[in-house]
Structures are given as C-alpha cells and as structure tokens.
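Visitor: Mind having a look at this structure? Questions to follow.
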Amino acid sequence: MPSLFASYLRVYEPLTAFDRDRQAYWRRYVEQGRAVAPVEGPGRQRTSVIEALGAGWTRLPDLPEEAYVLETDETLLVCPWNLRIRVAEAALSARDGVPPVLADAFVPPVLAGQAKAVVEDWRSGARVLERGVPRVHEQVATWGVPLRWFVLFEAEERQHVTAPGRRALRFRTEISKARRRSSRALSVLRKSIGDAPITEAVEEAARWLEEFHPGSVVELDYGGLVELLSDETLADDDSPELVAAGLAGLSQGEAEEASAAYDKLVARWRAVQLLERCN
Numbered sequence: 422m423p424s425l426f427a428s429y430l431r432v433y434e435p436l437t438a439f440d441r442d443r444q445a446y447w448r449r450y451v452e453q454g455r456a457v458a459p460v461e462g463p464g465r466q467r468t469s470v471i472e473a474l475g476a477g478w479t480r481l482p483d484l485p486e487e488a489y490v491l492e493t494d495e496t497l498l499v500c501p502w503n504l505r506i507r508v509a510e511a512a513l514s515a516r517d518g519v520p521p522v523l524a525d526a527f528v529p530p531v532l533a534g535q536a537k538a539v540v541e542d543w544r545s546g547a548r549v550l551e552r553g554v555p556r557v558h559e560q561v562a563t564w565g566v567p568l569r570w571f572v573l574f575e576a577e578e579r580q581h582v583t584a585p586g587r588r589a590l591r592f593r594t595e596i597s598k599a600r601r602r603s604s605r606a607l608s609v610l611r612k613s614i615g616d617a618p619i620t621e622a623v624e625e626a627a628r629w630l631e632e633f634h635p636g637s638v639v640e641l642d643y644g645g646l647v648e649l650l651s652d653e654t655l656a657d658d659d660s661p662e663l664v665a666a667g668l669a670g671l672s673q674g675e676a677e678e679a680s681a682a683y684d685k686l687v688a689r690w691r692a693v694q695l696l697e698r699c700n
C-alpha cells in the first residue's frame, strides 16, 4: 500500500535510550528482519489500526510494536510507532469541541473511556519509573509540511531519490543541531513578533525535541507528498532555505525580506493543501 498524502517528522533514538527489556526486544526485532521501510509504514499502520479496532469501534486493542530503524556504523537507532497511545490520543482529540451527539457517533463512549485510561496510564508516575519518560517518536501532517518543521534542517541535509518506482525526499540531522536551530529561531521570533502562532508552534517543536536522547537523529520525510509533486518541483524545493532567509530577515530588522520569504513558502504549500479538495 503506498504512503498516504502526508509528511512525517520522526526521531530515531539509540538503543541506550530504552530500558533493558525494550533494548532486547528491538535487537530481536531487527535481527529477525521485521523492521518496516518508511515508504511502507503509513499503509501498514493504517491497516493495523483499522483491523484492530474492529466493527463499531468499541474497543482499543493492543497493537503490534513496530518501528522504523536506522543502522549506522556506530549504533542502531529506532523510531517506535507507538500506535496504541497515538490512536488513544487521536480518539480523545476527535471529541474535543464537538457536540456530544456527534462526538459519540465518531468515537463511541466506550472507546473514549478506554482511550482516556490508556493515556493516563502512559503518563502515570508508575510507568515513568518503569520505562522512563513517555514519548511519541513520530508526528504526522496531512496534505503539507508544517512550516515549523523546516526550522530544524538545512539544505545540505537533504536526501533526494528519483529512481524508477522509488521517489523520496527527506532531511536528516543530529538532534543536537535541530535543538540549536529551534532555539535560535525561537529567540528571533520572540524578539521580532512576540507570542504569535508561529512562535508558539516553534516552541512546541522545541519542547518535543527535548524529550529524546541526545544521540538521536531527526528526520523530515515528505512521504506520500512526493506523489503530488513533479521531479522538477522536488529538485527545486528550497523550503528550509526560505525559512532560514525569513528568520535572517527578522533578526536583521529587514521586514520586507522576511515577508517575501514567508509569502513564497506559504503560497507553495497552500497549493499542495488545496489538492485535498480536488475531485
């Protein structure tokens, strides 16, 4: 099953970031050749969740513990899917701000109750003592890439593949670099525009990165979005550079330069978002 029209921000952690049981599990997982390629993962996740929920969505079952894996000369890095907690959080989020009748139609009360219990257990003190601070390793955005994600990367970290039957665009960097970039961006935004939505979004991304091991790798994967973009568009994509130019303009007090970069970036990704409405 091909990737959905979505992009992904992932953190791969070294095995030492996990407790002893998890380290043993992930070692066996890799040795048995069970690791899933990112191009296949979104479809596999969707199928697993739909099949496990069952008819009527009346239960929140255990879901398979799967992960994406990066193997380097120095270490093995793992990005767990965390499907059970992600489904639970999505179920609760779907009910927020929705009239009870509609909320119950989309997420039945039985499922909502189970989801709440799973989230509370995930964040409970007992679980933290047993397995460490809980963290979700993958964020997903449909029909576009959140602008705050580009803050974390630079042009030279780009990996572009246009082989027959295999098109991909991703950025990968060390988490220490991503943290420094988000910190600098946050400082510029706070001084220049204050508590604006973009400032809050970058702050949220920076807080998320702080949850992970300092030896981690951060990845932005265009995922299924590459199917919406031509080879030429992918080759010419300079979104991280536009974000950097906008931040540089703000830091130097050059509002017009910053605005031009921002407008170009927003227009580019708005065109992708509008494709959702095509028929």
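Per the numbering used here, residue 422 is the first one in the sequence shown, and the count goes up by one each step.
For each residue, glycine too, the CB sits at the ideal point set by N, CA and C.
Between the alpha carbons of A599 and V522, how many angstroms are there, rounded?
Guide: 43 Å
Visitor: Around the C-beta of S651, are 16 or more other C-beta atoms found within 10 angstroms, so that it is buried, or is it exposed?
Guide: exposed
Visitor: Who are the near neighbours of E578 in its chain, counting only those whose CB is closer than 7 Å to its CB and skipping five residues on each side?
Guide: For E578, where only same-chain residues beyond five positions count, the Cβ hits under 7 Å are F592, R593 and T594.
Visitor: Flag this pair as yes or no: are the beta carbons of P485 and H634 separated by less than 8 Å?
Guide: no
Visitor: Hey, how far is the Cα of L379 from the Cα of W502?
Guide: This structure leaves residue 379 out entirely; the chain is present only between 422 and 700.
Visitor: Going by DSSP in three states, R691 sits in which element: helix, strand or coil?
Guide: Helix at R691.
Visitor: Spatial neighbours of T620 within its chain, please: C-beta separation below 8 Å, excluding the five flanking residues on both sides.
Guide: L607, L610, R611 and I614
Visitor: Could you check where the beta strand (DSSP E) with L430 kicks off and where it finishes?
Guide: A427 to P435
Visitor: CB-CB under 6 Å to Q453, same chain, minus the five flanking residues each way: which ones, in chain order?
Guide: none
Visitor: Using alpha carbons as the reference points, say which of E495, A438, F439 and V647 lies closest to T563.
Guide: V647
Visitor: Just to confirm, is the Cβ distance from A679 to L686 under 8 Å?
Guide: no
Visitor: For the alpha helix (DSSP H) that F702 lies in, which residues bound it at each end?
Guide: Since the displayed the chain opens at 422 and closes at 700, residue 702 lies outside it and no answer follows.
Visitor: Mind checking whether E640 and R431 have CB atoms under 8 Å apart?
Guide: A contact, by the Cβ cut-off of 8 Å.
Visitor: What is the DSSP secondary structure of D517, counted as helix, strand or coil?
Guide: D517: coil per DSSP, three-state reduction.
Visitor: Quick one, which of A511, G565, D658 and A666 has its alpha-carbon nearest V540's?
Guide: A511
Visitor: Does the stretch 555-575 come within contact of the stretch 661-669, defined as at least 3 CB pairs closer than 8 Å?
Guide: At 8 Å Cβ cutoff, the stretches touch.
Visitor: How would you label S702, buried or exposed, when you count the other beta carbons within 10 angstroms and need 16 or more for buried?
Guide: With the chain represented from 422 up to 700, any question about residue 702 goes unanswered, as that position is not in the structure.
Visitor: My understanding is that A488 touches A456, with C-beta atoms under 8 Å, so please give their C-beta distance in whole angstroms.
Guide: 7 Å
Visitor: Keeping to the same chain, check which residues put their C-beta closer than 7 Å to that of S597; ignore five residues upstream and five downstream.
Guide: P635
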